[in-house]
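Here's the structure we're looking at; comments come further down.
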Amino acid sequence: MKKLWIVGAALVAASSAYAATNVAGVTQTAANLITVVAAPATPAAVPAKVLTPANSPVDAEGLPWGAGRKTGPLGLIQQPVVETNFKADDLLVPAWGTGAIPQSGAPDVVGAFRFICMPGHVAKDDPIVFKNQPGKSHLHQFFGNTAVNAFSTYGSLRKSGDSTCNNRLNRSAYWIPAMLNGKGKVVRPDYVSIYYKRLPESSPACRIEGKACVEMPRGLRFVFGFNMGTGKSENNFYFNCDGPTAVPNHYPDLVTAAKFCPVGNRIGAVIQAPSCWNGRQLDSTSHRSHMAFPSYGWDGILKCPTTHPYVIPTFTLGAWYTVDEDLDTSGDWSEGKSTWTLASDSMPGMATQRPGTTFHADWIGAWDDKVLAMWTENCINKLLNCSGGDLGNGLQLKMRDDFTWNATPRLVDIPN
7 MKKLWIVGAA LVAASSAYAA TNVAGVTQTA ANLITVVAAP ATPAAVPAKV
57 LTPANSPVDA EGLPWGAGRK TGPLGLIQQP VVETNFKADD LLVPAWGTGA
107 IPQSGAPDVV GAFRFICMPG HVAKDDPIVF KNQPGKSHLH QFFGNTAVNA
157 FSTYGSLRKS GDSTCNNRLN RSAYWIPAML NGKGKVVRPD YVSIYYKRLP
207 ESSPACRIEG KACVEMPRGL RFVFGFNMGT GKSENNFYFN CDGPTAVPNH
257 YPDLVTAAKF CPVGNRIGAV IQAPSCWNGR QLDSTSHRSH MAFPSYGWDG
307 ILKCPTTHPY VIPTFTLGAW YTVDEDLDTS GDWSEGKSTW TLASDSMPGM
357 ATQRPGTTFH ADWIGAWDDK VLAMWTENCI NKLLNCSGGD LGNGLQLKMR
407 DDFTWNATPR LVDIPN
């Protein structure tokens, strides 16, 4: 039996993790002990699902779809295949050096797939909200695809860029508002943890929560968290603290969390993505309305809205920052006070918001199709407890050679 510590980064699927798809129930732990049971296994790639052509009224760019577009599982919309343009096998290694298969997630009811990302570049770009308009958005911290910019599409992400999330088999783009220290610098996160979970597609609960549990469709994109357009929050994020003198909890904003997170600890911004999809759109005018969160009905059962009946793997994203003296830890705040803030907390034409309350995230999926199928079919559908890019079939995403748990550099200049 082999034991692996993943410190401060593992978001654990506890016995109540399925309830965590209700946004009020998201869970985060600072440290997790994962037991990997070595077992003789012959790693085998999981073949991609057989797809059939169909037409659909709109694509991910909001443009008419042409003949020959492909549909996903159950005939649902998705972008056509963009083949991986490098040798994928070079970036897969035997899981934990042995080809071990991860242990079952039971008695939990969801399968789990986790990995760690390093921080990428910062830029005033947003290829979803301000597509083809470089420099138009507030400052963002990117991770995942290293080539993402204001002009990025599903196709361009699949064809270019390395990745700060294990390797370029995951060319998806993730971004959040940049963290500013109040003294002209950007505070980069030490690391970002990503945790996907969903019921196995064979679970009867899939037909209770919605029509079916399905895999991530190619080309899906969305924004979640605080809505900069309406000023409303989805209440799907919190701040936490991890470290030797930290007091972990779910805190509503940076100001409150900082009071319990002294210098030298790490403060985390944690947010959960929606899991209910309408099955008809890969994007929408609001970049949100094609997705929804499940909720508990009068019968106490978690269900997706009838307008969004397809359950996809939801993911929880946690960005973790080393606390320094520039973060005010008094627990008090007034406008103009020098402390850490998100770039979205103070915007032209908008009243300055309490630090951290505008937290949100954007995502464009751009996984290698075969790897996406591997972790969906094994980690999720076989109810396994996969961490560190373990694909659940004896293979694992190779980690970057330059991986570190500490941002280098930690502070960078705010770009013009």
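Quick note: the sequence shown uses the working numbering, first residue 7, plus one each step. Glycine is no exception: its CB is placed at the ideal position from the N, C-alpha and C atoms. No experiment lies behind these values; they were computed from the predicted model shown.
Sorted by chain position, which residues of the same chain lie with C-beta nearer than 7 Å to Ala45's C-beta, five sequence neighbours on each side aside?
Position 39 of the sequence shown, counting from 1, holds the residue named residue 45. Low confidence applies here, because Ala45 scores a pLDDT of 34, under 50, leaving its location unreliable and the question unanswered by this model.
Taking only three categories from DSSP, how would you classify Asn384?
By one-based count along the sequence shown, residue 384 stands at place 378. Helix at Asn384.
Tell me which same chain residues have a C-beta within less than 7 Å of the C-beta of Cys392, skipping the five on either side of it?
Counting from one through the sequence shown, the residue named residue 392 turns up at place 386. Within the same chain, Cβ atoms closer than 7 Å to the Cβ of Cys392 are found at Pro108, Ala118, Phe119, Arg120, Trp381, Cys385 and Gly398, the five residues on either side in sequence being excluded.
Reducing DSSP to helix, strand and coil, say where Val261 ends up.
Sequence index remark: in the sequence shown, residue 261 carries index 255 (1-based). Looking at Val261 - three-state DSSP - the assignment turns out to be helix.
Opening and closing residue of the beta strand (DSSP E) in which Leu97 lies:
Taking the sequence shown and counting its residues from 1, the one referred to as residue 97 is at position 91. Where Leu97 is concerned, there is no enclosing beta strand (DSSP E), given that its DSSP letter is neither H nor E.
List the DSSP bridge partners of Cys123.
In the sequence shown, the residue the question calls residue 123 occupies position 117. According to DSSP, which records beta bridges pairwise, Cys123 is partnered with Cys171 and Val198.
What residue range does the alpha helix (DSSP H) around Cys267 cover?
Within the sequence shown, residue 267 is the residue found at index 261, counting from 1. Careful: Cys267 lies outside any alpha helix (DSSP H) and carries neither H nor E.
Report the partner residues of His146 according to the DSSP bridge assignment.
Numbered from its first residue, the sequence shown carries residue 146 at position 140. According to DSSP, which records beta bridges pairwise, His146 is partnered with Ala129 and Pro183.
When we look at the beta-carbon of Ile182 and count the other beta-carbons within 10 Å, is it buried (16 or more) or exposed?
Locating residue 182 in the sequence shown gives position 176, counting from the first residue. So Ile182 ends up on the buried side.
Taking the alpha carbon of Asn242 as the point to measure from, which residue in Phe365, Asn412 and Glu383 has its own alpha carbon closest?
Your numbering for residue 242 matches position 236 in the sequence shown. For Asn242, the nearest C-alpha among the options comes from Phe365.
Measuring only the C-alpha atoms, how far is Lys217 from Arg294?
For this step, residue 217 is matched to residue 211 along the sequence shown. For this step, residue 294 is matched to residue 288 along the sequence shown. Roughly 20 Å between the two C-alpha positions.
What three-state label does DSSP hand Ala37 in the structure shown?
For the purposes of this step, residue 37 is taken as the residue at position 31 of the sequence shown. Only weak support is given to the placement of Ala37: the predicted model assigns it a pLDDT of 34, under 50, and the value that follows is read from those uncertain coordinates. Per DSSP, reduced to three states, the secondary structure at Ala37 is strand.
Taking DSSP as the reference, what is the three-state secondary structure of Val377?
For the purposes of this step, residue 377 is taken as residue 371 along the sequence shown, with counting starting at 1. In the structure shown, the three-state DSSP call for Val377 is helix.
Whole-angstrom C-beta distance between Phe148 and Ala179, which should lie under 8 Å
Position 173 of the sequence shown, counting from 1, holds the residue named residue 179. Position 142 of the sequence shown, counting from 1, holds the residue named residue 148. Right, their Cβ atoms sit about 7 Å apart.
Which first and last residues belong to the beta strand (DSSP E) in which Lys191 is found?
As a first step, residue 191 must be located in the sequence shown, where it is residue number 185. Going by DSSP, Lys191 is part of the beta strand (DSSP E) stretching over Lys191 to Val193.
Roughly how many angstroms separate the alpha carbons of Lys165 and Gly337, rounded to a whole number?
Here residue 165 is taken as the residue at index 159 of the sequence shown, counted from 1. Here residue 337 is taken as the residue at index 331 of the sequence shown, counted from 1. Gly337 has its alpha-carbon roughly 46 Å from the corresponding atom of Lys165.
On a Cα-Cα basis, can you pick out the residue from Ala379, Asp396, Gly394 and Ile214 that is closest to Thr312?
In the sequence shown, the residue the question calls residue 312 occupies position 306. Ranking Ala379, Asp396, Gly394 and Ile214 by Cα distance to Thr312 puts Ile214 first.
Using DSSP with H/G/I as helix, E/B as strand and the rest coil, what is Leu163?
Residue numbering aside, residue 163 sits at position 157 when the sequence shown is read from its first letter. It is helical.
Exposure of Lys203, with buried meaning 16 or more beta-carbon neighbours within 10 Å
For this step, residue 203 is matched to residue 197 along the sequence shown. Around the Cβ of Lys203, a 10 Å sphere holds 16 or more other Cβ atoms; the residue is buried.
Just the Cα atoms here: how many angstroms apart are Pro319 and Glu207?
For this step, residue 319 is matched to residue 313 along the sequence shown. For this step, residue 207 is matched to residue 201 along the sequence shown. So the two alpha carbons sit approximately 10 Å from each other.
Can the beta-carbon of Pro280 be found closer than 8 Å to that of Phe228?
Numbered from 1 along the sequence shown, position 274 holds the residue referred to as residue 280. Numbered from 1 along the sequence shown, position 222 holds the residue referred to as residue 228. Yes, the Cβ-Cβ distance between Pro280 and Phe228 is below 8 Å.
How is Ala275 classed by DSSP in three states: helix, strand or coil?
Counting from one through the sequence shown, the residue named residue 275 turns up at place 269. The answer is strand: DSSP assigns Ala275 an E or B state.
Does the distance from the C-beta atom of Arg416 to that of Thr328 stay below 8 Å?
Numbered from its first residue, the sequence shown carries residue 416 at position 410. Numbered from its first residue, the sequence shown carries residue 328 at position 322. For the pair Arg416 and Thr328, the CB atoms are nearer than the 8 Å cut-off.
Less than 8 Å separating the beta-carbons of Leu323 and Pro223?
Your numbering for residue 323 matches position 317 in the sequence shown. Your numbering for residue 223 matches position 217 in the sequence shown. Not closer than 8 Å, so no.
Backbone secondary structure at Ala252 - three-state DSSP:
In the sequence shown, residue 252 corresponds to position 246, counting from 1. Residue state for Ala252 is assigned as coil, using DSSP reduced to three classes.
Between Leu6 and Gly188, is the Cβ-Cβ spacing less than 8 Å?
Not covered by the structure: residue 6. The range shown for the chain is 7 to 422.
C-beta contact flag for Leu145 and Ala184 at 8 Å
The residue given as residue 145 occupies position 139 in the sequence shown. The residue given as residue 184 occupies position 178 in the sequence shown. Inclusion of Leu145 and Ala184 in the CB contact set at 8 Å is warranted, their separation being smaller than that value.
Start and end of the beta strand (DSSP E) containing Arg227?
Translated into positions along the sequence shown, residue 227 becomes position 221. Residues Arg227 to Gly231.
Residues bridged to Ile307 [DSSP beta-bridge criterion]:
Translated into the one-based positions of the sequence shown, residue 307 becomes position 301. For Ile307, which the question treats as bridged, DSSP gives no partner whatsoever.
Per the contact definition of three or more C-beta pairs closer than 8 Å, is the segment 331-351 in contact with the segment 243-263?
With the cut-off at 8 Å, the segment 243-263 and the segment 331-351 touch.
Out of curiosity, what's the CA-to-CA distance linking Gly394 and Ile122?
The residue given as residue 394 occupies position 388 in the sequence shown. The residue given as residue 122 occupies position 116 in the sequence shown. Roughly 7 Å separates the two Cα atoms.
From the DSSP output, in three-state form, read off Leu205 for me.
Sequence index remark: in the sequence shown, residue 205 carries index 199 (1-based). Leu205 sits in coil when the DSSP states are folded into three classes, being neither helix nor strand.
Check whether the Cβ atoms of Ala325 and Gly274 sit closer than 8 Å, and answer yes or no.
Taking the sequence shown and counting its residues from 1, the one referred to as residue 325 is at position 319. Taking the sequence shown and counting its residues from 1, the one referred to as residue 274 is at position 268. Result yes, Cβ atoms of Ala325 and Gly274 sit closer than 8 Å.
Can you tell me whether DSSP reads Gly424 as helix, strand or coil?
Since the first residue shown for the chain is 7 and the last is 422, residue 424 is missing from the structure and cannot be characterised.
Ile370 lies in the alpha helix (DSSP H); which residues open and close that run?
Within the sequence shown, residue 370 is the residue found at index 364, counting from 1. Not the alpha helix (DSSP H): Ile370 falls in the beta strand (DSSP E), residues His366 to Ile370.
How would you call Glu331, buried or exposed, if buried means at least 16 neighbouring beta carbons within 10 angstroms?
Taking the first residue of the sequence shown as 1, we reach residue 331 at position 325. Classification of Glu331: exposed, given that the 10 Å Cβ count is below 16.
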